[in-house]
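Undergrad: Below is the structure I would like to discuss, written out as structure tokens.
Numbering (our numbering), first residue to last: 91 to 563.
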């Protein structure tokens, strides 16, 4: 009916309760007045009247219903904590009365009240509200893990603690989210936030563990591969080099399709292995370098020129060491053939190195090219002589060797000269190969003129040029 009649009923009921506090009709009037107030949307008054009735008449059969309606009134009035308290009393009363169906319905309202209260706090003040709501969201997740939004409650609790600067509580909330609700749609972001909080707080080992957990739990996620690589970086930052390498190996096994990252891992490992190799060791025999070369073979356009050039150079160096060890002994034709084959192999390997175009390696290869060719000529001169050869025969034999060695000396010196000519005007000398080339070439060139008499040059008197005529002022 009209509000005026409802107001009259509420006033008359209150007057009756004051005048006749012990009259049994008080419960009837309060029950009626409370329900009328509720129907008119006077939630505060309805809750007060019905709770008062329940307190004054604990044996009334309508007590449970009165408390429930009072709770509903507080909820509709936006007083969610007060509603939770009244629903709690209703639950106890319903259980005591054996009203299990009603008890179950009321129990479902308790987490909703606390969740709505937390939302209310968070929305009231965008700056400080999330922090104020955090403990209430955490209460929802902790007390009512089966609540439909318990996972979101834990997630929002973490956000609130994070905004308050409480990293420990934030991480704990998101950790509980993952434990209690691993299939939640918020679990993924919660896992990443745990890792991010550890990382920003300067805890690289804990952050690495969190990123590994994310990559394992959400293996099909688009960010799983990146998380595992991040974990490896953090392990390294924490001083755990072995752990970092183990994670990178796990990455290679789990994500072979991540071409750029896979090549980067192989490249880094190969570079370290190459730096640790003995001078004459073959790089292809090292497992890390072999793995890198295998990976690059499948993606040749992604090859790192610097590393490839270094590997090619070390291949040539290893072959050069073996080549230098070959001695020209009798029978000389067979020894020459073997050494010349080794020479051609070495030259081809240095050529392959130079083809990568890395300045230092190009110059090193050019220097070595001249060196091994000159060495062949020197080896001819120093070759073993046939047994019993002496006198004029030995002299003639030596002359033949000298003639045969000369083209190699000339060819090697030409290679050095071309290197110096091509590098004319270069302002830098990485590796010192130009200086080494000059030191090797110039004394050999000078030796060619030792047998020649000193040249005489005519002296020409120096005559200063005439002064230019000055113009008159």
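Cβ atoms here follow ideal geometry from the backbone N, Cα and C, with glycine treated the same way.
1) Note down, in chain order, each residue of its chain lying with its Cβ closer than 6 Å to the Cβ of residue 589, except the 5 sequence neighbours on either side.
2) How many angstroms separate the CA atom of residue 182 from the CA atom of residue 170?
3) Identify which residue in 320, 111, 137 and 114 has its Cα closest to the Cα of residue 123.
4) Taking only the alpha-carbon atoms, compute the straight-line gap between residue 309 and residue 447 and give it to the nearest angstrom.
5) Starting from the C-beta of residue 167, find all residues in its chain whose C-beta is less than 7 Å away, skip the five residues before and the five after it, and write them out in chain order.
6) Under the assumption that residue 251 contacts residue 259 (Cβ atoms under 8 Å), give the Cβ distance between them as a whole number of angstroms.
7) Does DSSP put residue 341 in a helix, a strand or coil?
8) Are the segment 292-302 and the segment 320-330 in contact at 8 Å, needing three or more beta carbon pairs?
9) Looking only at its own chain, which residues have a Cβ that is under 6 Å from the Cβ of residue 274, when we skip the five neighbours before and after it?
10) Going by DSSP in three states, residue 226 sits in which element: helix, strand or coil?
11) Below 8 Å CB to CB, which residues in the same chain sit around residue 346 once its five sequence neighbours on both sides are set aside?
12) Cα separation between residue 398 and residue 443?
13) Please report how far the alpha carbon of residue 154 lies from the alpha carbon of residue 104, in whole angstroms.
14) Looking at C-alpha atoms only, which residue of 343, 278 and 430 is the closest neighbour of residue 413?
15) Exposed or buried, which one is residue 269 when buried takes at least 16 other CB atoms within 10 Å?
16) Give me, in chain order, the residues of the same chain whose beta-carbon lies closer than 6 Å to that of residue 91; leave out the 5 immediate sequence neighbours on both sides.
17) Pairs of beta-carbons, one from the segment 224-238 and one from the segment 198-210, closer than 8 Å: are there three or more?
18) Helix, strand or coil for residue 495 per DSSP?
19) Roughly how many whole angstroms lie between the Cα atoms of residue 67 and residue 472?
20) Measure the beta-carbon distance from residue 400 to residue 439 and round it to whole angstroms, keeping in mind my assumption that it falls under 8 Å.
21) Which value, in whole angstroms, describes the spacing of the CA atoms of residue 325 and residue 385?
22) Just confirm the distance between the C-beta atoms of residue 507 and residue 467, as a whole number of angstroms; I'd bet it's less than 8 Å.
23) Am I right that residue 267 and residue 220 are in contact with their C-beta atoms under 8 Å? What's the rounded C-beta distance?
24) Going by Cα to Cα distance, which pick from 126, 152, 148 and 200 is closest to residue 161?
25) What three-state label does DSSP hand residue 372 in the structure shown?
26) Looking at C-alpha atoms only, which residue of 313, 366, 374 and 375 is the closest neighbour of residue 348?
27) Helix, strand or coil: which one does DSSP assign to residue 420?
TA: In this structure, then:
1) Because the chain spans 91 through 563 in this model, residue 589 falls outside it and cannot be assessed.
2) 18 Å
3) 137
4) Their backbone Cα atoms lie some 41 Å apart in a straight line.
5) 133 and 134
6) Rounded, the Cβ-Cβ distance is 4 Å, consistent with contact.
7) In this structure, residue 341 counts as helix in the three-state DSSP scheme.
8) yes
9) 241
10) helix
11) 352
12) 8 Å
13) 21 Å
14) 430
15) Per the 10 Å Cβ criterion, exposed.
16) none
17) yes
18) helix
19) Outside the displayed range of the chain (91 to 563) lies residue 67, so it cannot be described from this structure.
20) Separation of the CB atoms of residue 400 and residue 439 is rounded to 13 Å, and the pair is thereby denied contact status at 8 Å.
21) Looking at the two C-alpha atoms, the distance is approximately 25 Å.
22) The Cβ separation is near 16 Å, so there is no contact.
23) The Cβ separation is near 16 Å, so there is no contact.
24) 200
25) coil
26) 313
27) coil
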